[in-house]
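Be aware that the sequence shown starts at 1, since it is given in UniProt numbering, and climbs by one per residue. Every residue, glycine too, gets a C-beta built ideally from N, C-alpha and C. The block underneath contains the structure these notes are about, expressed in structure tokens.
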Amino acid sequence: MKAILMTAVGDPDVLQIADIPDPTIQSPTEILVRLKAAGINPIDTKIRVRGTFQPERMPAILGCDGAGVVEAIGSEVSKFKVGDQVYFCNGGLGLHQGNYAELTTIDEKFAAHKPKSLSFEEAAAVPLVLLTAWEALYDRANLQSASISPNVLIHAGAGGVGHVAIQLAKLRGANVCTTIGSEAKARFARGLGADLTIAYKDNDFVEAAINWTKGEGVDIVFDTVGGKVIEQSFPAVKICGDLVTILEPPADISWKVARTRNLRFSFELMLTPMLLGKTALQVQQAKVLSESAALFDTGKLKIHVSEVFQLADIAKAHQLLETGSAIGKIVISI
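Structure below.
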């Protein structure tokens, strides 16, 4: 099969297309999937620059998100049959083959039936960002439907995670404000249901959030940016509110405001089940993907794919992602 090999740590040109042996089913509960598309995520570029989680196993195939067609099944597979269309987040960290390839294997427990209404490219864009936003809002911040709509601030609402988070928050009845970097991104976020867009380059997002909530602060801040934005967000959260981040806080962060306001601070890393081998959590993530398929098929959720590249153009896809200018997701068509 053809696959993209990460041959070393470095710039996008370390990603090289090559012919390698086809993977084969190794356990009775595995399925062999002919991949039709793979999602591109910031974790891919970070691994390319910093190295995989098992650097001794090189070259590596990146790509956590995949969508394709079941081509063969193990003897004990009961969830899928040959010809089924599936999507999943699995591999790509250097521990298991990723999805920048024509074929892959995956345990049936970790895959879900693809939403019927989505193309393979759209489906491949979904898993990592959906699971990240779902776990951050619903599990970490415990966002629930309530008689009084909670107020949520989502940073970078036009990004991959952010644009899904806006929709998930609205599904639970929340009022949503979001930071954006351009008028085009503001229009996009409003089209997804954002009640207020904050042009962070020209406005103080804390002041805007405080004014929006009549001086109280938002119930939840979901940070997808990291760096100084984490600390800057503390005063935007109401007393005893929640802040969830998908990034590691800077070493010099001051927690004084967060402590004074009794904030609950949570981390969200949807890759934890894969990294630590927590099978039960991976199964739960597959259940979320199954549940979400119905949301896509009934029009309650949308995924936005801004660019589709061919497998051989993976370097260009990484270069675009690293500019930070893309709206929604970037995908590789296989």
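Asked: Would you call the CB atoms of residue 335 and Glu268 closer than 8 Å?; Found: No information on residue 335 is available, as it lies outside the stretch 1 to 334 that the chain covers here.
Asked: Using a Cβ-Cβ cutoff of less than 6 Å, which residues in the same chain neighbour Val225 once the five nearest sequence positions on both sides are dropped?; Found: His155, Ala156
Asked: Return yes when the Cβ of Tyr100 is within less than 8 Å of the Cβ of Ala38, no when it is not.; Found: yes
Asked: Output the residue ranges of the beta strand (DSSP E) runs that lie fully inside the stretch 72 to 127 and measure 3 residues or longer, sorted by chain position.; Found: 85 to 89, 103 to 107
Asked: How would you label Leu276, buried or exposed, when you count the other beta carbons within 10 angstroms and need 16 or more for buried?; Found: exposed
Asked: Can you tell me which of the three DSSP states Val176 falls into?; Found: strand
Asked: Going by DSSP, which residues form a beta bridge with Leu32?; Found: Ala72, Thr105
Asked: So Ala158 and Ile180 are supposed to be a Cβ contact under 8 Å. How far apart are they, rounded?; Found: 5 Å
Asked: I believe Leu263 touches Phe234 by the beta-carbon criterion, under 8 Å. Please report the beta-carbon distance rounded to the nearest angstrom.; Found: 7 Å
Asked: Should Val283 go down as buried or exposed, given a rule of 16 or more other Cβ atoms within 10 Å for buried?; Found: exposed
Asked: Do you know how far the Cα of Asn142 is from the Cα of Ala169?; Found: 11 Å
Asked: Can you name, in chain order, every residue of its own chain whose Cβ lies under 8 Å from the Cβ of Lys201, other than the five neighbours on each side?; Found: Gly181
Asked: Label Ser292 either buried or exposed according to how many other C-beta atoms from any shown protein chain fall within 10 Å of its C-beta, with 16 as the threshold for buried.; Found: buried
Asked: Whole angstroms is fine: what's the gap from Ala125's alpha carbon to Phe110's?; Found: 17 Å
Asked: Starting from residue 336, trace the alpha helix (DSSP H) both ways and give me its first and last residue.; Found: Outside the shown range of the chain (1 to 334) lies residue 336, about which nothing can therefore be said.
Asked: Closest to Gly328 by C-alpha separation, out of Ala286, Gly160, Val244, would be which residue?; Found: Gly160
Asked: How is the beta strand (DSSP E) around Ile154 delimited, first residue to last?; Found: 151 to 154
Asked: Taking DSSP as the reference, what is the three-state secondary structure of Met58?; Found: coil
Asked: Any idea if Thr260 is buried or exposed, counting beta-carbon neighbours within 10 angstroms, 16 or more meaning buried?; Found: exposed
Asked: Give the secondary structure of Asp274 by DSSP, where H, G and I count as helix, E and B as strand, and everything else as coil.; Found: Before going on, a small fix: residue 274 reads as Met here, not Asp. Note: Met274 maps to helix in three-state DSSP.
Asked: Just confirm the distance between the C-beta atoms of Gly10 and Lys36, as a whole number of angstroms; I'd bet it's less than 8 Å.; Found: Their Cβ separation, rounded to whole angstroms, is 29 Å, which puts Gly10 and Lys36 out of contact at 8 Å.
Asked: Taking just the CA atoms, how far does Lys214 sit from Leu118?; Found: 40 Å
Asked: Label Asn175 either buried or exposed according to how many other C-beta atoms from any shown protein chain fall within 10 Å of its C-beta, with 16 as the threshold for buried.; Found: buried
Asked: Please list, in chain order, all residues of the same chain as Gln16 whose beta carbon is under 6 Å from its beta carbon, the five residues on each side excluded.; Found: Leu5, Thr7
Asked: With DSSP run on the structure shown, which of helix, strand or coil describes residue 340?; Found: Outside the modelled stretch of the chain, which goes from 1 to 334, sits residue 340, for which no answer is possible.
Asked: Suppose the cutoff is 6 Å on Cβ atoms and the five residues either side in sequence are ignored; what does the same chain contact list for Ala208 look like?; Found: Ile198
Asked: Following the continuous alpha helix (DSSP H) through Val229, name the residue where it begins and the one where it ends.; Found: 228 to 233
Asked: Let me know the secondary structure DSSP gives Leu15 once reduced to three states.; Found: strand
Asked: Just mark Asp297 as buried or exposed, buried being the case when its beta carbon has 16 or more other beta carbons within 10 Å.; Found: exposed
Asked: Per DSSP, Lys2 is paired with what?; Found: Asp19
Asked: Determine the extent of the alpha helix (DSSP H) in which Ile47 is found, giving its start and end residues.; Found: 42 to 50
Asked: Compare the C-alpha of Ala112 against each of Phe88, Pro249, Ser27, Ile220 and name the closest.; Found: Phe88
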